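Asker: Protein sequence lines correspond, in order, to chains A and B.
Residues 347 to 693 in my numbering are what the first sequence spells out, letter by letter.
Residues 347 to 693 in my numbering are what the second sequence spells out, letter by letter.
The beta-carbon is built from N, C-alpha and C at its ideal position, and this holds for glycine as well.
Quantities reported herein were computed from a predicted structural model and do not represent experimental measurements.
Have a look at this one.
There are 2 protein chains.
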Amino acid sequence: MKIKKILWISFVFVLLSFIAAASGVSQESDELLRQARVVFQPLPSVMPSPKDNPSTPAKVTLGKMLFYERRLSASGGISCQTCHPMSTYAADCIPKSIGHLGKINPRNAPTVLNAGFQFSQHWRGDRPSLEDQADVSLLSPFAYANVSYDEAQNRIKSIPGYWELFQKAFPGEKEPITHDNIARAISAFERTLFSSSRFDQFLASGEKVLTDKEKKGLNVFLDTGCAACHNGALVGGMTFQKFGVVTPYWKATGSQEIDQGRFDVTKREDDRYIFKVPSLRNVAMTAPYFHDGSVNRLDRAVKIIAEVQMGKMLSEENISSIVSFLVSLTGNLPEEALTLPVLPPSQ
Amino acid sequence: MKIKKILWISFVFVLLSFIAAASGVSQESDELLRQARVVFQPLPSVMPSPKDNPSTPAKVTLGKMLFYERRLSASGGISCQTCHPMSTYAADCIPKSIGHLGKINPRNAPTVLNAGFQFSQHWRGDRPSLEDQADVSLLSPFAYANVSYDEAQNRIKSIPGYWELFQKAFPGEKEPITHDNIARAISAFERTLFSSSRFDQFLASGEKVLTDKEKKGLNVFLDTGCAACHNGALVGGMTFQKFGVVTPYWKATGSQEIDQGRFDVTKREDDRYIFKVPSLRNVAMTAPYFHDGSVNRLDRAVKIIAEVQMGKMLSEENISSIVSFLVSLTGNLPEEALTLPVLPPSQ
């Protein structure tokens, strides 16, 4: 009898502990979701267009063609996809892109996926919009290397098939083949390039789409303070920050050159070593890292950034967890990115 | 009565003339089809593979990835698509491709569409097979610029995602990541790249898919003697010929340099100015023309080739007809060519 009683009591105790533990886990999970929702937002389903460049199907179709249009460049060898190949998440896997006739670009090419959600383009924020980024590239000696906008426009005008496409994309305009419209069309295409991930499902519905390790990583990410800069819908991409708050970044990254960052744009002392905080969406797919692509591995990038920004030395285990969380930010490439346009012949 | 009789006779006469004319046209058309069938063949529906490289879906999948894989190159900026972008019919719209760090290739890049049907690759026929072409490119200083095959292989081995893909594509091999297998996989993908055209429908069934002008062009093409070299399923691509039989080619094309052609490969005097006869399939989409891309327009290329090969001065009208016929050789790009693979991340 006594033994039976003890067994019963033990059973009930074990059962209660199990329930308590389970609800604890659930409470923990709920708390993580609550915190995450304060800090991050799911990716919106539409990328907003500026007033003077509303998106239309005709503009997106044309923009996609121009994105792949090498004949827009002085050498005939450069297009947007040179630095932003879609097969590798619209980034090019090398420290610094190779542009006009082999010229090495000054900084690492950021992906164009989700780029239109950012507050500004490029590492130093010197391209306020997608339109501006595309437009300036037409003349950049590292990119399309046209001597003038006239030259760029004439390249497109020389291809008969483009006339009708520009008329459809910019109806009512007498001479629609302009550098501004080239940039507008390319930007309209780029605004179709967003890729939500499992993390968005988690944020939206708390669905059990993240693994335990990913959730642990999210927790460490929040605890460590990473979200001070990497927050919002893009997990970054919305502010400028000094790279190397605690220690100079180049001592940790081993950068060959010291880039002055936004200082070179504004000449304000406050802007020395200031860079745009990159979005961490698809970061696991877009090595190498930082403005100069000086770091190949994501785990090393995580270690360095905690060190130079916050003076924190993360354990191997925590680094590994954070990397797992960052993998949950990898989205699927949109179909629009994985199909190619057919371009009109040169004559 | 008399008038009625005259009217009747006139009516019968007109009717008979009409029937005779129509049957004449039809006979003419039949005769053209008969002649065309003697000289050309429709594009086969399967591109034959060599015995040591049978195509499999796993190999094609891997090969397509490697076709876009820039990390296979010394600079990280070159892939097969650098010279063979699919959006412009797998040719690159410039006289000579821009390769490793801006290096200009010695000759115009031929399209890879239908290339596996050819008897040999490249303008001088110095690449006997697709496999050989891909393999040699890995070390070419103008292309991938790897110092050794080991270097090329190690680049792929450093990307974890490729290990399983090579095992699937080359089952049973202990170390499948070899330069030979890289070339085999790329070739297997390239063997999916064929594009038949309206001309094939015409050849196969005599269907009324060619316009009168295109048929006239075909007639002029045959009458002029173009089919002496441009025949078979590829309308060329199966023989070597001297470029400039009657007059030196460079006097007509305005070529900046005199390319000795196959002579530089074999050192045989007979091979001076000898080049592979290019396939004319998709020729309207793949300007500029000739081995050095020295001629931008198809009508000018037609004029020149008739002149320097056969000493014939074609009329504007005949040139225009031939160009129309050549447009009927433009195929649709296969779906396989217009979709992009997703490549594994670097780490």
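#1: Should Gly657/A be labelled buried (16 or more other beta-carbon atoms within 10 Å of its own) or exposed?
#2: So with CB distances below 7 Å, who are the chain B contacts of Pro691/A?
#3: Among residues of its own chain, excluding the 5 on either side of Phe671/A, which ones have a beta-carbon nearer than 6 Å to its beta-carbon?
#4: Does any CB atom of chain E fall closer than 7 Å to the CB of Thr457/B?
#5: Under 7 Å between the Cβ atoms of Val581/B and Leu549/B?
#6: Going by DSSP in three states, Phe586/B sits in which element: helix, strand or coil?
#7: Where do the ends of the beta strand (DSSP E) carrying Ile532/A lie?
#8: Is it true that the CB of Ser640/A sits closer than 7 Å to the CB of Thr599/A?
#9: Return helix, strand or coil for Thr457/B, following the three-state DSSP convention.
#10: Would you be able to state if there are at least three C-beta pairs under 8 Å between the stretch 439-453 of chain B and the stretch 497-512 of chain B?
#11: Counting only the same chain and skipping the five closest in sequence on each side, list residues whose C-beta sits under 7 Å from that of Glu553/B.
#12: Please state if the CB of Ser542/B and the CB of Gly677/B are separated by a distance shorter than 7 Å.
#13: Which residues in the same chain as Pro487/B place their Cβ atom closer than 6 Å to its Cβ, once the five residues preceding and following it in sequence are excluded?
#14: What number of angstroms, rounded off, separates the C-alpha of Met584/A from the C-alpha of Phe535/A?
#15: Are Asn664/B and Tyr435/B close, meaning C-beta to C-beta below 7 Å?
#16: Measure the C-alpha to C-alpha separation of Ile505/A and Phe545/B and round it to an integer number of angstroms.
#17: Can you check DSSP and say which residues form a bridge with Tyr635/B?
#18: Tell me where the beta strand (DSSP E) around Ile620/B begins and ends.
#19: Quick check on DSSP: helix, strand or coil for Gly518/A?
#20: Gly578/B bridges to which residues according to DSSP?
#21: Under the three-state reduction of DSSP, which class applies to Arg614/B: helix, strand or coil?
#22: Counting only C-beta atoms, is Gly409/B closer than 7 Å to chain A at any point?
#23: Taking 8 Å as the cut-off, does the stretch 388-406 of chain B touch the stretch 461-475 of chain B (at least 3 CB pairs, one atom from each stretch)?
#24: Under the rule that 16 or more other beta-carbon atoms within 10 Å means buried, what is Asn500/A, buried or exposed?
#25: Closer than 7 Å, CB to CB, is Tyr508/B near chain A or not?
#26: State the DSSP-derived secondary structure class of Gln427/B, mapped to helix, strand or coil.
#27: So what does DSSP say about Gln467/A, is it helix, strand or coil?
#28: Rounded to whole angstroms, what is the Cα-Cα separation between Phe621/B and His430/B?
#29: Helix, strand or coil: which one does DSSP assign to Arg417/B?
#30: With distances taken Cα to Cα, identify the nearest neighbour of Ala498/A among Glu415/A, Asp472/A, Thr557/A, Pro624/A.
#31: Mind checking whether Val673/B and Ala630/B have CB atoms under 7 Å apart?
#32: Strictly below 9 Å CB to CB, what residues from chain B border Met659/A?
#33: Which of helix, strand or coil does DSSP assign to Ile502/B?
#34: Could you give the distance in angstroms between the alpha-carbon of His637/B and the alpha-carbon of Gly423/A?
#35: Using DSSP bridges, identify the partner residues of Arg380/B.
#36: Quick check for students: name the residue ranges of the alpha helix (DSSP H) that lie wholly in the stretch 643-681 of chain A, counting only runs of 4 or more.
Answerer: Result, derived from the coordinates:
#1: Reading the first sequence from its first residue, position 311 is the one you call residue 657/A. By the neighbour-count rule (16 or more Cβ atoms within 10 Å), Gly657/A is not buried but exposed.
#2: Stepping through the first sequence from its first residue, residue 691/A is reached at position 345. Chain-order list of chain B residues neighbouring Pro691/A: Ala630, Met631, Ala633, by C-beta distance under 7 Å.
#3: Indexing the first sequence from 1 puts residue 671/A at position 325. Glu560, Gly563, Leu564, Phe567.
#4: Of the protein chains in this structure, namely A and B, none is chain E.
#5: By one-based count along the second sequence, residue 581/B stands at place 235. By one-based count along the second sequence, residue 549/B stands at place 203. Contact: no.
#6: Here residue 586/B corresponds to residue number 240 of the second sequence, with the count starting at 1. It is a strand residue.
#7: What you label residue 532/A is simply residue 186 of the first sequence in a count that begins at 1. Looking at the DSSP string, Ile532/A is not in any beta strand (DSSP E); the run it does join, the alpha helix (DSSP H), is 525-536.
#8: Residue 599/A sits at position 253 when you count from the first residue of the first sequence. Residue 640/A sits at position 294 when you count from the first residue of the first sequence. Less than 7 Å separates the beta-carbon of Thr599/A from that of Ser640/A.
#9: As a first step, residue 457/B is located in the second sequence; it is residue number 111 there, counting from the start. Of the three classes helix, strand and coil, the one that applies to Thr457/B here is coil, per DSSP.
#10: Contact between the stretch 497-512 of chain B and the stretch 439-453 of chain B is absent, because fewer than three Cβ pairs lie under 8 Å.
#11: Against the second sequence, residue 553/B aligns to sequence position 207. Result list for Glu553/B: Gln547, in chain order.
#12: Reading the second sequence from its first residue, position 331 is the one you call residue 677/B. Reading the second sequence from its first residue, position 196 is the one you call residue 542/B. Yes, the Cβ-Cβ distance between Gly677/B and Ser542/B is below 7 Å.
#13: As a first step, residue 487/B is located in the second sequence; it is residue number 141 there, counting from the start. Closer than 6 Å at the Cβ level, and outside the excluded window around Pro487/B, lies no residue.
#14: Against the first sequence, residue 584/A aligns to sequence position 238. Against the first sequence, residue 535/A aligns to sequence position 189. Their backbone Cα atoms lie some 21 Å apart in a straight line.
#15: Locating residue 664/B in the second sequence gives position 318, counting from the first residue. Locating residue 435/B in the second sequence gives position 89, counting from the first residue. Going by beta carbons, Asn664/B and Tyr435/B fall outside the 7 Å limit.
#16: For this step, residue 505/A is matched to residue 159 along the first sequence. For this step, residue 545/B is matched to residue 199 along the second sequence. In this model, Ile505/A and Phe545/B are separated by some 25 Å (Cα to Cα).
#17: Locating residue 635/B in the second sequence gives position 289, counting from the first residue. In DSSP, Tyr635/B forms a bridge with Val641/B.
#18: Translated into the one-based positions of the second sequence, residue 620/B becomes position 274. Per DSSP, Ile620/B belongs to the beta strand (DSSP E) from 620-622.
#19: Numbered from its first residue, the first sequence carries residue 518/A at position 172. Coil at Gly518/A, not helix or strand.
#20: If you number the second sequence from 1, residue 578/B lands on position 232. Looking at the DSSP assignment, Gly578/B forms a beta bridge with Phe386/B.
#21: Reading the second sequence from its first residue, position 268 is the one you call residue 614/B. Here Arg614/B sits in coil by DSSP.
#22: Position 63 of the second sequence, counted from the first residue, corresponds to residue 409/B. Cβ-Cβ to chain A under 7 Å: no for Gly409/B.
#23: With the cut-off at 8 Å, the stretch 461-475 of chain B and the stretch 388-406 of chain B touch.
#24: Here the question's residue 500/A lines up with position 154 in the first sequence. A residue is called buried when at least 16 other Cβ atoms come within 10 angstroms of its Cβ; Asn500/A does not meet this threshold and is exposed.
#25: Walking along the second sequence from the start, residue 508/B turns up at place 162. Interface flag for Tyr508/B against chain A is unset, since no Cβ pair is found closer than 7 Å.
#26: Within the second sequence, residue 427/B is the residue found at index 81, counting from 1. Reduced to three states, the DSSP call for Gln427/B is helix.
#27: Counting from one through the first sequence, the residue named residue 467/A turns up at place 121. When secondary structure is reduced to three states using DSSP, Gln467/A falls in the strand class.
#28: In the second sequence, residue 621/B corresponds to position 275, counting from 1. In the second sequence, residue 430/B corresponds to position 84, counting from 1. Roughly 20 Å separates the two Cα atoms.
#29: Position 71 of the second sequence, counted from the first residue, corresponds to residue 417/B. DSSP, reduced to helix, strand and coil, places Arg417/B within a helical segment of the structure shown.
#30: On the first sequence, position 152 is the one that residue 498/A refers to. Comparing Cα positions, the closest option is Glu415/A.
#31: Your numbering for residue 673/B matches position 327 in the second sequence. Your numbering for residue 630/B matches position 284 in the second sequence. Yes, the Cβ-Cβ distance between Val673/B and Ala630/B is below 7 Å.
#32: Working through the first sequence from its first residue, we reach residue 659/A at position 313. By Cβ distance, chain B contributes nothing, its closest Cβ being about 22 Å from Met659/A, past 9 Å.
#33: Counting from one through the second sequence, the residue named residue 502/B turns up at place 156. Helix at Ile502/B.
#34: Here the question's residue 637/B lines up with position 291 in the second sequence. Here the question's residue 423/A lines up with position 77 in the first sequence. Here the C-alpha atom of His637/B lies approximately 18 Å from the C-alpha atom of Gly423/A.
#35: Within the second sequence, numbered from 1, the residue matching residue 380/B stands at position 34. DSSP lists no partner for Arg380/B.
#36: The stretch 643-681 of chain A is shown to contain whole alpha helix (DSSP H) runs of 4 or more residues at 644-656, 662-673, in chain order.
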